[in-house]
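Visitor: Numbering of the sequence shown is given in this note's numbering, commencing with residue 17 and proceeding in unit increments. Got a structure here, written out as structure tokens. Questions coming.
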Amino acid sequence: MSMLKTPHEIALLRECADLVSKTLAEVAGYVSPGQETQVLDRVAEDFIRSHGAEPAFKGYRMGSLPPFPSALCISVNDVVVHGFPGSYTLCEGDLVSIDCGVHLNGYFGDSAYTFGVGDLDLDKTRLCTATHEALMLGIAAATPHATIGDIGSTVQRHCQAQDLGVVRELVGHGIGSKLHESPQIPNFGRPNKGRRLRTGMTLCIEPMINLGTSEITVDSDGWTVRSADGTASAHYEHMICIRTDTPEVLTTFEYIEEVIPAPYERTQTLTYG
Numbered sequence: 017m018s019m020l021k022t023p024h025e026i027a028l029l030r031e032c033a034d035l036v037s038k039t040l041a042e043v044a045g046y047v048s049p050g051q052e053t054q055v056l057d058r059v060a061e062d063f064i065r066s067h068g069a070e071p072a073f074k075g076y077r078m079g080s081l082p083p084f085p086s087a088l089c090i091s092v093n094d095v096v097v098h099g100f101p102g103s104y105t106l107c108e109g110d111l112v113s114i115d116c117g118v119h120l121n122g123y124f125g126d127s128a129y130t131f132g133v134g135d136l137d138l139d140k141t142r143l144c145t146a147t148h149e150a151l152m153l154g155i156a157a158a159t160p161h162a163t164i165g166d167i168g169s170t171v172q173r174h175c176q177a178q179d180l181g182v183v184r185e186l187v188g189h190g191i192g193s194k195l196h197e198s199p200q201i202p203n204f205g206r207p208n209k210g211r212r213l214r215t216g217m218t219l220c221i222e223p224m225i226n227l228g229t230s231e232i233t234v235d236s237d238g239w240t241v242r243s244a245d246g247t248a249s250a251h252y253e254h255m256i257c258i259r260t261d262t263p264e265v266l267t268t269f270e271y272i273e274e275v276i277p278a279p280y281e282r283t284q285t286l287t288y289g
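Dropping the structure here:
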């Protein structure tokens with residue numbers, strides 16, 4: 017399997033990216049106080065299947081763990097990633113990250129967005145803003161002949177300068193005919209270190225940032241990852257394609273933000289996403 021995608025493969029990945037973006041927007045209308053997270057999951061699965069695709073996460077296997085049970089990863093407050101949808105009822109002020117994957121025509125789409133349920137406190141807003149900015153800055157660093165370390169160091173510097181915890185155990189990845197392909201894209205690193213990026217690579221960049229410590233714990237279910245100190249966590253993810261000049265962002269948050277206000281403050285100098 018090549019890390020460099022053909023124009024035909026990139027076109028198929030664009031379709032997957034568009035569907036996963038629209039799925040998150042469909043779910044966005046249900047992110048409100050009093051809503052059970054399992055309702056959001058049903059909405060997503062129905063929407064994905066109605067478009068001739070399959071939920072990529074449902075049944076996904078990781079090592080010896082039981083297969084992931086749901087279409088969405090729904091991670092509330094201190095849950096970093098891989099939260100199970102269930103009977104939890106969203107509350108005013110919750111921070112909820114939703115990660116979605118689709119499988120369509122033999123290729124995959126993957127994107128994540130952190131929502132605010134109603135009004136957020138200042139710390140959670142600051143966390144969302146910094147994490148979204150880190151994503152956009154990481155994307156801007158993903159130019160041909162740059163390195164994976166250039167992406168990671170950009171994300172790391174931006175978040176650590178604001179005293180936020182950069183999770184190291186969880187990383188971005190390549191994407192194509194498999195959900196998780198090489199190379200891995202850490203959210204930390206050193207400039208000009210690691211694999212060099214080449215035109216035609218398709219990647220998922222996804223900062224996972226904690227309000228407090230960078231350390232994490234894993235629940236007894238083997239999937240649910242939490243911040244070790246119980247502070248809130250945010251997660252944004254875009255699919256991109258490395259181009260000859262600036263990267264092409266395949267997913268979009270615009271559909272979501274037509275439905276629900278962004279929980280982060282916008283920075284004029286950041287132009288992606």
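Yeah, the Cβ is synthetic: ideal placement off N, Cα and C, and Gly gets one too. The structure displayed is predicted, hence computed values, not measured ones.
Does chain D have any CB closer than 8 Å to the CB of residue 236?
Guide: The chain inventory of the structure shown lacks chain D, comprising one protein chain alone.
Visitor: Could you check if residue 49 is buried or exposed, using at least 16 other CB atoms within 10 Å of its CB as the buried criterion?
Guide: Flag for residue 49 reads exposed.
Visitor: What are the boundary residues of the beta strand (DSSP E) that includes residue 124?
Guide: It spans 123 to 132 - the beta strand (DSSP E) in which residue 124 sits, taken as one unbroken run.
Visitor: In this structure, how does DSSP classify residue 200 when only helix, strand and coil are distinguished?
Guide: Three-state DSSP puts residue 200 in a strand.
Visitor: By the DSSP assignment, the beta strand (DSSP E) with residue 213 in it spans what residues?
Guide: Run containing residue 213: none; DSSP gives neither H nor E here.
Visitor: In this structure, what does DSSP give as the bridge partners for residue 118?
Guide: In DSSP, residue 118 forms a bridge with 71, 125.
Visitor: Rounded to the nearest angstrom, how far is the Cβ of residue 279 from that of residue 144, given a contact under 8 Å?
Guide: With a Cβ gap of about 4 Å, residue 279 and residue 144 count as contacting.
Visitor: With DSSP collapsed to three states, give me the class of residue 270.
Guide: Helix at residue 270.
Visitor: Beta-carbon within less than 6 Å of residue 170's beta-carbon, same chain only, minus the 5 sequence neighbours each way: which residues are those?
Guide: If we look at residue 170 and ignore the five residues flanking it on each side, its Cβ neighbours are 153, 154, 157.
Visitor: Using the Cα positions of residue 241 and residue 229, report the straight-line distance between them to the nearest angstrom.
Guide: Cα to Cα, the separation comes out at about 13 Å.
Visitor: Quick check on the burial criterion: 16 or more other C-beta atoms within 10 angstroms. Buried or exposed for residue 209?
Guide: Exposed, by the Cβ-count rule.
Visitor: Throw me the rounded Cβ distance for the residue 159 and residue 211 pair, which I believe falls under 8 Å.
Guide: With 8 Å as the limit, residue 159 and residue 211 do not qualify as a contact, their Cβ atoms being about 14 Å apart.
Visitor: Would you identify the three-state DSSP class for residue 241, choosing helix, strand or coil?
Guide: Residue 241: strand per DSSP, three-state reduction.
Visitor: Under 8 Å: do the region 213 to 228 and the region 174 to 187 share three or more Cβ pairs, one atom per stretch?
Guide: Yes, they touch.
Visitor: As a quick exercise: from 97, 122, 56, 55, pick the residue whose alpha carbon is nearest that of residue 113.
Guide: Checking every option, the nearest Cα to that of residue 113 belongs to 97.
Visitor: I need the DSSP call for residue 37, collapsed to helix, strand or coil.
Guide: Residue 37 falls in the helix class under three-state DSSP.
Visitor: The beta strand (DSSP E) with residue 256 in it runs from where to where?
Guide: Here the beta strand (DSSP E) through residue 256 covers 254 to 257.
Visitor: Does the structure place the region 50 to 62 close enough to the region 76 to 84 that three or more beta carbon pairs sit under 8 Å?
Guide: As far as the Cβ criterion goes, the region 76 to 84 does not touch the region 50 to 62, which means the pair count is below three.
Visitor: To test your reading of the DSSP string, which unbroken beta strand (DSSP E) runs of 3 or more residues are found completely within the region 144 to 204?
Guide: If we require 3 residues or more, the beta strand (DSSP E) runs fully inside the region 144 to 204 come out as 188 to 190, 197 to 201.
Visitor: Which same chain residues, not among the five before or five after residue 140, have their C-beta less than 6 Å away from its C-beta?
Guide: Counting only Cβ-Cβ distances below 6 Å, and skipping sequence neighbours, we find 111, 248.
Visitor: Rounded to whole angstroms, what is the Cα-Cα separation between residue 54 and residue 161?
Guide: Spanning the two alpha carbons is a distance of roughly 43 Å.
Visitor: Pull up the CB-CB distance for residue 130 and residue 251, whole angstroms please, since I reckon it's below 8 Å.
Guide: Right, their Cβ atoms sit about 6 Å apart.
Visitor: Compute the Euclidean distance between the alpha carbons of residue 193 and residue 68, then round it to the nearest angstrom.
Guide: Taking the straight line joining both Cα atoms gives about 17 Å.
Visitor: Quick one: Cα of residue 167 to Cα of residue 176, how far?
Guide: Cα-Cα distance, rounded: 14 Å.
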